[in-house]
Amino acid sequence: MADAATLSDNLLAQPLRLPNGSTLRNRIAKSAMSEALASYDNHVTARLPRLYGRWAASGIGLLITGNVMIDRRALGEPGNVALEDESDLPLLRQWASAATDQGTQIWMQLNHPGKQSPKGLNRYNLAPSAIPFRKDMAGFFDTPREASVAQIEDIIARFGCAAAIARKAGFSGVQIHGAHGYLVSQFLSAHHNQRSDEWSGSAENRRRFVLAVYAEIRRQAGADFPVGIKLNSADFQRGGFTEEESMETIRALAQAGIDLVEISGGTYESPAMTGISPDGKAASTVAREAYFLDFAEKVRAAVATPLMVTGGFRSQAGMNAALRSGALDLVGLGRLLAMDPDAPAALLRGADSPWTVRPITTGIKMVDRMALMEVAWYARQLKRIATGGEPKPGESGLKALLGTVAHSGWGTFRTRRLRAS
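When the sequence shown is numbered by my numbering, its final residue is 736 and no position is left out of the sequence of numbers.
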């Protein structure tokens, strides 16, 4: 355990005022993780308020939900919440109030998977271009269709509609998922976006989609509603989204008025967000815990927008050191909170969680190279918390894989059946 910091030295406990005027009660934020706790027809269930109420009780400052899909025809996995209308408004309000009634802000993460959706779940997948996954992953993901201009405009409108519903339900803000290889990230990448129209052809044109999504959210949800984005520092793929392009995207979003930028990195094909770099080595160092802190320092020198860094933090000492450096304003935690939902309470006292995030492996090299296994293992822990139980931090990766394959297959079948009926 790290040496306990005195309360006055513990920067994690300090409040943060955002550009829109709202204040987070401290500098600890839960980054989005896939919960897959919706019904198979993609409606909110009572498990989500229960899960988020448990986290809010820990004293955390900000909770960002797992990806809420803006189109029921475009799911990332079975059990996603899909938000197209107000039919779930009563349960959405319970979900929001489970956090806000305890003094915690809760932001809804809005997402469209694009091509990054398991084979068979959707009737077809849309992407900027019809670029397949690499050969060893083609068995898991279909080659997408290139989205038409009309489909692009419909997706943009759906982001705005979902944000407006989130505000009506009492959520404190929304976050655009622009990282980890999903649709917004695909538009930004020259590897995935090889269109020949105004949505591609240059880095400026590839930014057009995310800026349009942001503008539409502002139009439908209001100028005073907090809007953030989760963005890759890079996607770590040959010919893909680079650090220089990420910096220019952040500059453009900051100029447009974004309230918070969360820095992450990687895709399912190159999962740097899990701590594994493209060469298979760990992405962080002992001296500097956060994977993307070096890039955050460059961003901080360029923009004044509040920054959140997620990935790699292991101790309150490391978190405080990062805050003290001035490179970030919020410490993002994800996997630790799936293992220890009470970790923020310890960190705010200046102590460490008794649990440490570890790589989740199955011994199957092809599976271990993908981020899917990490997502599935942690989703199992969230389900335990959401049903009133406790996580199992020592659960084997292989056992989780077998359970996930069975559950995902059944979930895909049920989702397709319900959609067809």
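Backbone N, C-alpha and C define an ideal beta-carbon position, used for all residues, glycine too.
Looking at the unbroken alpha helix (DSSP H) that takes in residue i, where does it start and where does it end?
| i | result |
| --- | --- |
| Thr564 | Glu558 to Ala571 |
| Leu679 | First, the amino acid is wrong: residue 679 is Ile here, not Leu. Per DSSP, Ile679 belongs to no alpha helix (DSSP H) and is neither H nor E. |
| Leu404 | Leu404 to Thr415 |
| Gln822 | Absent from the structure is residue 822, since the part of the chain shown begins at 316 and ends at 736. |
| Trp370 | Arg362 to Ala371 |
| Asp609 | Leu608 to Ala617 |
Kindly indicate the opening and closing residues of the beta strand (DSSP E) around residue i.
| i | result |
| --- | --- |
| Asn426 | Gln420 to Asn426 |
| Ser579 | Leu575 to Ser579 |
| Met348 | Met348 -> no beta strand (DSSP E), and no H or E assigned at all. |
| Ile467 | Not the beta strand (DSSP E): Ile467 falls in the alpha helix (DSSP H), residues Val464 to Ala484. |
| Leu645 | Leu645 to Leu648 |
| Leu377 | Leu377 to Ile379 |
So for residue i, helix, strand or coil by DSSP?
| i | result |
| --- | --- |
| Ala319 | Confidence at Ala319 is low in this model, with a pLDDT of 48, below 50, so the placement of that residue should be treated as unreliable; the coordinate-derived value is given next. Three-state result, Ala319: coil. |
| Asn520 | helix |
| Arg629 | coil |
| Leu717 | helix |
| Ala598 | With a pLDDT of 44 at Ala598, under the threshold of 50, the modelled position of that residue is not reliable, and the figure given next carries that caveat. Correct three-state label for Ala598: coil. |
| Ser585 | Bear in mind that a pLDDT of 47 at Ser585, under 50, signals an unreliable position, so the number given afterwards is only what the model happens to contain. Coil, per DSSP. |
| Glu461 | strand |
| Phe448 | coil |
| His506 | coil |
| Arg332 | strand |
| Ala691 | helix |
| Ala605 | coil |
| Glu392 | coil |
| Asp324 | helix |
| Glu531 | helix |
| Pro659 | helix |
| Val672 | coil |
| Ala536 | helix |
| Ile525 | Position check: residue 525 holds Val in this sequence, whereas Ile was assumed. The answer is helix: DSSP assigns Val525 an H, G or I state. |
| Gly712 | helix |
Identify the residues that DSSP records as bridge partners of residue i: which are they?
| i | result |
| --- | --- |
| Met384 | Ala397 and Asn426 |
| Leu638 | DSSP lists no partner for Leu638. |
| Leu697 | The partner list for Leu697 (beta bridge, DSSP) is empty, contrary to what the question assumes. |
| Ile491 | Leu425 and Ile544 |
| Ala666 | According to DSSP, which records beta bridges pairwise, Ala666 is partnered with nothing at all. |
| Leu739 | Absent from the model: residue 739. The displayed extent of the chain is 316 to 736, so no value can be given. |
| Leu622 | Val576 |
| Phe456 | Pro433 |
| Thr338 | Arg332 |
| Ala442 | Glu461 |
Could you give the C-beta distance for residue i and residue j, rounded to a whole number, given that I count them as a contact under 8 Å?
| i | j | result |
| --- | --- | --- |
| Met423 | Thr360 | About 15 Å separates the two Cβ atoms, so there is no contact after all. |
| Ser463 | Gln509 | Not quite, the Cβ-Cβ distance comes to about 15 Å (not below 8 Å), so this is no contact. |
| Gln376 | Arg342 | Residue identity differs from the one stated: residue 376 is Gly in this sequence, not Gln. Sure, about 6 Å apart at Cβ, within 8 Å. |
| Ala389 | His358 | In fact, because the Cβ distance is near 16 Å, the residues do not count as touching under 8 Å. |
| Leu378 | Leu363 | Their Cβ separation, rounded to whole angstroms, is 11 Å, which puts Leu378 and Leu363 out of contact at 8 Å. |
| Leu398 | Ile385 | 6 Å |
| Glu350 | Leu697 | 5 Å |
| Gly488 | Gln535 | Their Cβ separation, rounded to whole angstroms, is 14 Å, which puts Gly488 and Gln535 out of contact at 8 Å. |
| Leu503 | Ala442 | Not really, about 12 Å apart at Cβ, beyond 8 Å. |
| Leu638 | Ile578 | Incorrect: roughly 14 Å between the Cβ atoms, too far for contact. |
| Phe607 | Gly580 | 6 Å |
| Ser630 | Asp667 | 5 Å |
| Leu663 | Ala413 | Not confirmed; about 20 Å, so no contact. |
Establish whether the CB of residue i and some CB of chain B are separated by less than 7 Å.
| i | result |
| --- | --- |
| His506 | The structure shown has no chain B; it contains just one protein chain. |
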